[in-house]
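Engineer:
Number of protein chains: 2
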Amino acid sequence: VREGDGRKALAAVRRWPVADIVALLMSLRSKDARRLIEIMPDETGLGVLSEIDPHLHALLAEEETKAKFRKLLRKLDQDRAIRLLDEMPRPYALDLIEGHPHAAELREALETNDDLASAHMRRGILTAREDGTIGEIIADIRARSEEIDRLERVYVVDHARHLKGSVRLRDLILYDDDTPVVQVMQPPRFFVTAETDQEDVLALATKYNIQNLAVVDGEGRLLGGIAAQELREISSEEAKEDMLLMGGVSPEASEFDGPVRIVRSRLPWILLGLIGSGLSASVIGSFETALTEAAILASFIPVVMGTAGNVGVQASTMSIQAIGSGVEWSGDFLPRLGRELLGAAINGVVVGAVVGLLVLFIGPSIGVERAQHLALTCAAALLIVTMVAGSYGALVPFILKKLKLDPAVATGIFINTANDVFGVLIFFTVASLIYF
Amino acid sequence: VREGDGRKALAAVRRWPVADIVALLMSLRSKDARRLIEIMPDETGLGVLSEIDPHLHALLAEEETKAKFRKLLRKLDQDRAIRLLDEMPRPYALDLIEGHPHAAELREALETNDDLASAHMRRGILTAREDGTIGEIIADIRARSEEIDRLERVYVVDHARHLKGSVRLRDLILYDDDTPVVQVMQPPRFFVTAETDQEDVLALATKYNIQNLAVVDGEGRLLGGIAAQELREISSEEAKEDMLLMGGVSPEASEFDGPVRIVRSRLPWILLGLIGSGLSASVIGSFETALTEAAILASFIPVVMGTAGNVGVQASTMSIQAIGSGVEWSGDFLPRLGRELLGAAINGVVVGAVVGLLVLFIGPSIGVERAQHLALTCAAALLIVTMVAGSYGALVPFILKKLKLDPAVATGIFINTANDVFGVLIFFTVASLIYF
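Chains C and F, in that order, give the protein sequences.
So for the first sequence, the working numbering puts the first residue at 5; every next one is plus one.
So for the second sequence, the working numbering puts the first residue at 5; every next one is plus one.
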């Protein structure tokens, strides 16, 4: 296929699902991929354009290919065009818009904040007038069947597009054609404004277990709808953001970033971490004399820091998870903290005992002096560290939440840093009490 | 409300959305909550039962409340009953099943592996015979309108329930009643078996951008369907699992765990981490003599370990994200690694320069000897550490993926441990070359 006759390749590929064609294009060298796209019929090209990987766009940034894509873009309805452009690298998307009849609207939609309801809503939804009938809705669906790519709840509006309610699809089937819309319509219980944050949209949908939300403007006029597919997109975007923040990467990072964007999304977090480890370093520095006497203590720095880090991250992960699933802990806060503390205490006793016994039994054979004191120091320090890191990790996300900050940021840097500092501070304090 | 007349409270609560009633119950003391549930009418109780928080179940584990819930459970269709029971703590769910007419089936469904397609599919889906007509499907929907709580694609089967295709809802509206099903039905392009892993279900749906999947048994007989809502559930479960694994918590952990389950889901990871930090400890131990001479070096252990940890976790988070969004990097692997390395090198130069300059300028004033050598040691070590941790972190998830292991495990423990060990090893090796 790669070198062969274009026509033959095309015939073979034509009947594949679009996702497989895209995969093929990715695996071809860019020259061949470009040629294949150029000879593609419009319909296939349109499919490919709407599914294509952002990485491929960069590969295909040649004038000829762009001209073809511009032509295809003009054939898409506005919803699909925006969705598509939104997934591309911004400069390339703005480039493609040039010369489009709705260029201004597309540009405005592209510049909407990605985290708002308006960035996710579908504009081309079905609407019905409140003085209409079921039969009129069905006639409308039939007339527009070509352009509608999904059927969902039909929103009911008045003459000025104010949201009045909605009609479920099933009711279109259950009721006769001459049933008035007002008779079967449900009141508009759940709606959001275009400026609602996507996180709140998702929380609302999850809490009340709903699949369809109307999006209205400040005056209650219907702008669009968010349905199951959009909710799934929002939910995976939110999960991605949380994961990136927990991993210490800015949430706008993408797997297609070049070195400059890699540096921009990661370096600030590394430098923040540096401040934290600078604090740990100064704690250790203040015990320099003790270390000169007993350099063996330095070996336990990674053990204490590692354990504090793991325990803290575990606890904060669970808290972030709890917050994400809508738990507020109003009445339940103290029992929960109690369970966390008890769990941390048990873990601390086990970890302390394991490390203490290892020091006690292996220590003397590798020349460790005063092994009993060292064992006791390690055991006590690890128990305290585990309990402190556990409760700190469990609490910080809730505190950040109260301060209206994203709790996922907590695990990324703050928890790690605080645990390192607490870890070495507790360890050396215990050591100075027991070991010296 | 809390102490007042039950009837009055009920009248007030009656018209609330179920989620708000549950929130109220959570905030009440358990005695009051129990009383409120007991006097609730069946319909409200059913709603509450299906939305209720697992935590509340434990609160309500009294015989009277259980008897009421058992009665309500019998009124649910099987799909909803299973969904509901599946969200409860297992022992309590098994307890509630007692005496249910379909106890055996419910128990079997509960014991299905949660990660398989069968655990997510809806059983009570609409089906049509391939020799039927559109009108027959509509009549069926009308007859069953009470029990069906969502309308979706109608699957077409033959006399032995073999999957033959599906009819889109819109086609029920677009075509006349006497249109034969075979004429409008679409071929069964996308289906999974009951044993398909939920991760693969999600990957398939995402790749081909589909909202409806049929679930069949080994002989191609239709068992159920997975639609947008189920896909959203799977996607948030997978995201939750990834996040927990990255946080070093076993994926079956829940925010309602008591201390024993907290210990069980976290202690193994802490102990694994201990092995890793034991390795770092022995690396440091082998440089004990050097440390006795220059205890100041110990201060830089947290700086090196912290930076290595952050850089490694960042890189592996991005790789996990890339794998999650379906990237395989077949042809693209080397350019990607190149970008990562270049990004890491830039970060390393900046971090190395910052720390090096700090040591150079502040060091002498706090009595650090041979500050220039120490500054050079830190700068060189941090540059190398950043590049090693960056490429290691980026690669490990892909290697785990190739070995059919969950890449998210990587970040949780392996990356952290490896980075600690590499960090101190590189630092002390560089120190012994430059500083001594």
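Glycine included, every Cβ here is placed at the ideal spot set by N, Cα and C.
1) Mind checking who Val267(F) pairs with in its DSSP beta bridge?
2) With DSSP as the reference, please indicate the residues paired to His124(C) in a beta bridge.
3) Can you tell me whether Arg236(F) is buried or exposed, with buried defined as 16 or more other CB within 10 angstroms of its CB?
4) Using a Cβ-Cβ distance cut-off of 7 Å, determine whether Ala326(F) contacts chain C.
5) How would you call Gln24(C), buried or exposed, if buried means at least 16 neighbouring beta carbons within 10 angstroms?
6) Please tell me whether Val5(C) has its Cβ less than 7 Å away from any Cβ of chain F.
7) Where does Tyr396(F) fall in DSSP's three states?
8) Report the neighbours of Pro263(C) on chain F: residues whose CB is nearer than 7 Å to its CB, in chain order.
9) Among Ala393(F), Ala97(F), His124(F) and Leu387(F), which residue has its Cα nearest to the Cα of Glu203(F)?
10) Spell out whether any CB of chain C is found under 7 Å from the CB atom of Ser149(F).
11) Taking all protein chains shown into account, decide if Ala71(F) is buried (16 or more other Cβ within 10 angstroms of its Cβ) or exposed.
12) Could you tell me if the beta carbon of Leu278(C) falls within a distance shorter than 6 Å of some heavy atom in the ligand SAM?
13) Please report the straight-line C-alpha distance between Val5(C) and Arg225(F), rounded to a whole angstrom.
14) Going by other Cβ atoms of all chains shown within 10 Å of its Cβ, with 16 needed for buried, is Phe337(C) buried or exposed?
15) What does a CB cutoff of less than 8 Å around Pro191(F) pick up in its chain, not counting 5 residues either side in sequence?
16) Assign Gly262(F) to buried or exposed, taking buried as 16 or more other Cβ atoms, counted over all protein chains shown, within 10 Å of its Cβ.
17) If you draw a straight line from the C-alpha of Asp81(C) to the C-alpha of Glu344(C), how long is it?
18) Roughly how many whole angstroms lie between the Cα atoms of Arg265(C) and Gly136(C)?
19) Please determine, among His104(C), Val171(C), Asp424(C) and Arg193(C), the residue with the shortest C-alpha to C-alpha distance to Val315(C).
20) What does Met322(C) touch in chain F if you count any residue whose Cβ is under 7 Å from its own?
21) With DSSP as the reference, please indicate the residues paired to Pro166(F) in a beta bridge.
22) Assign Phe195(F) to one of three DSSP states: helix, strand, or coil.
23) Going along chain F, which residues have a C-beta under 8 Å from Met247(C)?
24) Interface residues of chain C around Glu109(F) at Cβ under 9 Å?
25) Could you give the residue range of the alpha helix (DSSP H) that holds Leu341(C)?
26) Given Ser281(C), which residues of its chain have a CB within under 8 Å of its CB, disregarding the five upstream and five downstream residues?
27) So Leu217(F) is in the alpha helix (DSSP H); what residue range does that whole segment cover?
28) Under 7 Å Cβ-Cβ, which residues of chain F neighbour Glu292(C)?
29) Can you pull the chain F residues whose beta carbon is under 8 Å from the beta carbon of Phe304(C), in chain order?
30) Could you give the distance in angstroms between the alpha-carbon of Val160(C) and the alpha-carbon of Leu217(C)?
31) Could you confirm whether any beta carbon from chain F is found closer than 7 Å to the beta carbon of Asn216(C)?
32) Quick check: the Cα distance between Ala299(F) and Gly397(F), rounded to an integer number of angstroms?
33) Closest to Arg268(C) by CA distance: which of Val354(F), Val308(F) and Leu120(F) is it?
34) When Cβ atoms are compared, which residues of the region 353-366 of chain C fall closer than 9 Å to chain F?
35) Between the Cα of Val413(F) and those of Glu140(F), Arg174(F), Lys244(F) and Leu110(F), spot the shortest distance and give me the residue it belongs to.
Structural biologist: By the coordinates alone:
1) Taking the second sequence and counting its residues from 1, one reaches residue 267(F) at position 263. DSSP lists no partner for Val267(F).
2) Taking the first residue of the first sequence as position 1, residue 124(C) is located at position 120. Answer is none; His124(C) lacks a bridge partner.
3) Mapped onto the second sequence, residue 236(F) falls at position 232. Buried, because 16 or more other Cβ atoms sit within 10 Å of the Cβ of Arg236(F).
4) Here residue 326(F) refers to the residue found at position 322 when the second sequence is read from its first residue. With 7 Å as the cut-off, Ala326(F) counts as an interface residue toward chain C.
5) Here residue 24(C) refers to the residue found at position 20 when the first sequence is read from its first residue. It should be pointed out that residue 24(C) corresponds to Asp in this sequence rather than to Gln. Exposed, because fewer than 16 other Cβ atoms sit within 10 Å of the Cβ of Asp24(C).
6) The count along the first sequence starts at 1 and reaches residue 5(C) at position 1. The predicted model places Val5(C) with a pLDDT of 46, which falls under 50 and marks its position as unreliable; any figure quoted below should be read in that light. It does not; no Cβ of chain F falls within 7 Å.
7) Here the question's residue 396(F) lines up with position 392 in the second sequence. In the structure shown, Tyr396(F) falls within a helical segment according to DSSP collapsed to helix, strand and coil.
8) Locating residue 263(C) in the first sequence gives position 259, counting from the first residue. Correct list: Arg343, Leu346, Gly347 and Ile350.
9) Translated into positions along the second sequence, residue 203(F) becomes position 199. For Glu203(F), the nearest C-alpha among the options comes from His124(F).
10) Counted from its first residue, the second sequence places residue 149(F) at position 145. The beta carbon of Ser149(F) falls within 7 Å of a beta carbon belonging to chain C, placing the residue at that interface.
11) What you label residue 71(F) is simply residue 67 of the second sequence in a count that begins at 1. Exposed: under 16 other Cβ atoms inside 10 Å.
12) Judged by which ligands are present, the structure shown has none, so any question about the ligand SAM falls away.
13) Translated into the one-based positions of the first sequence, residue 5(C) becomes position 1. Translated into the one-based positions of the second sequence, residue 225(F) becomes position 221. With a pLDDT of 46 at Val5(C), under the threshold of 50, the modelled position of this residue cannot be trusted; read the value that follows with caution. Near 37 Å, if we compare the C-alpha coordinates of Arg225(F) and Val5(C).
14) For the purposes of this step, residue 337(C) is taken as the residue at position 333 of the first sequence. So Phe337(C) ends up on the exposed side.
15) Sequence index remark: in the second sequence, residue 191(F) carries index 187 (1-based). So the qualifying residues of the chain are Gly169.
16) Taking the second sequence and counting its residues from 1, one reaches residue 262(F) at position 258. Taking every protein chain shown into account, the CB of Gly262(F) has fewer than 16 other CB atoms within 10 angstroms, so this residue is exposed.
17) Taking the first residue of the first sequence as 1, we reach residue 81(C) at position 77. Taking the first residue of the first sequence as 1, we reach residue 344(C) at position 340. Distance between the alpha carbons of Asp81(C) and Glu344(C): 53 Å.
18) To locate residue 265(C), count along the first sequence from 1; it is residue 261. To locate residue 136(C), count along the first sequence from 1; it is residue 132. Cα-Cα distance, rounded: 53 Å.
19) Translated into positions along the first sequence, residue 315(C) becomes position 311. Asp424(C) is the residue among His104(C), Val171(C), Asp424(C) and Arg193(C) whose C-alpha sits nearest the C-alpha of Val315(C).
20) Locating residue 322(C) in the first sequence gives position 318, where the first residue counts as 1. Simply Val253, Ala257 and Glu259.
21) Within the second sequence, residue 166(F) is the residue found at index 162, counting from 1. The amino acid at residue 166(F) is misidentified as Pro; the sequence shows His. His166(F) is bridged to Arg225(F).
22) By one-based count along the second sequence, residue 195(F) stands at place 191. Note: Phe195(F) maps to strand in three-state DSSP.
23) On the first sequence, residue 247(C) is found 243 positions in, with the first residue counted as 1. The answer, in chain order, is Ala243, Asp246, Met247, Met250, Thr321, Ile324 and Gln325.
24) If you number the second sequence from 1, residue 109(F) lands on position 105. The contacting residues do not exist; Glu109(F) stays about 24 Å from chain C at best.
25) As a working note, residue 341(C) is residue 337 in the first sequence. Per DSSP, Leu341(C) belongs to the alpha helix (DSSP H) from Phe337 to Ile366.
26) On the first sequence, residue 281(C) is found 277 positions in, with the first residue counted as 1. Closer than 8 Å at Cβ, skipping near neighbours: Thr421 and Asp424.
27) Against the second sequence, residue 217(F) aligns to sequence position 213. Counting along the chain, no alpha helix (DSSP H) covers Leu217(F); the unbroken beta strand (DSSP E) around it starts and ends at Leu217 to Val220.
28) Position 288 of the first sequence, counting from 1, holds the residue named residue 292(C). Contacts between Glu292(C) and chain F, judged by CB atoms closer than 7 Å, involve Ala299 and Ile300 in chain order.
29) What you label residue 304(C) is simply residue 300 of the first sequence in a count that begins at 1. What Phe304(C) touches in chain F: Ala285.
30) By 1-based counting over the first sequence, the position of residue 160(C) is 156. By 1-based counting over the first sequence, the position of residue 217(C) is 213. The straight-line gap from Cα to Cα measures roughly 13 Å.
31) Within the first sequence, the letter at position 212 stands for residue 216(C). By this cut-off, Asn216(C) is not an interface position.
32) The count along the second sequence starts at 1 and reaches residue 299(F) at position 295. The count along the second sequence starts at 1 and reaches residue 397(F) at position 393. Rounded to the nearest whole angstrom, the C-alpha separation of Ala299(F) and Gly397(F) is 30 Å.
33) Start at 1 with the first residue of the first sequence, and residue 268(C) comes out as number 264. Ranking Val354(F), Val308(F) and Leu120(F) by Cα distance to Arg268(C) puts Val354(F) first.
34) Residues of the region 353-366 of chain C with a C-beta atom less than 9 Å from some C-beta of chain F are Val354, Val355, Val358, Val359 and Leu362, listed in chain order.
35) As a first step, residue 413(F) must be located in the second sequence, where it is residue number 409. That would be Lys244(F), whose Cα lies nearest to the Cα of Val413(F).
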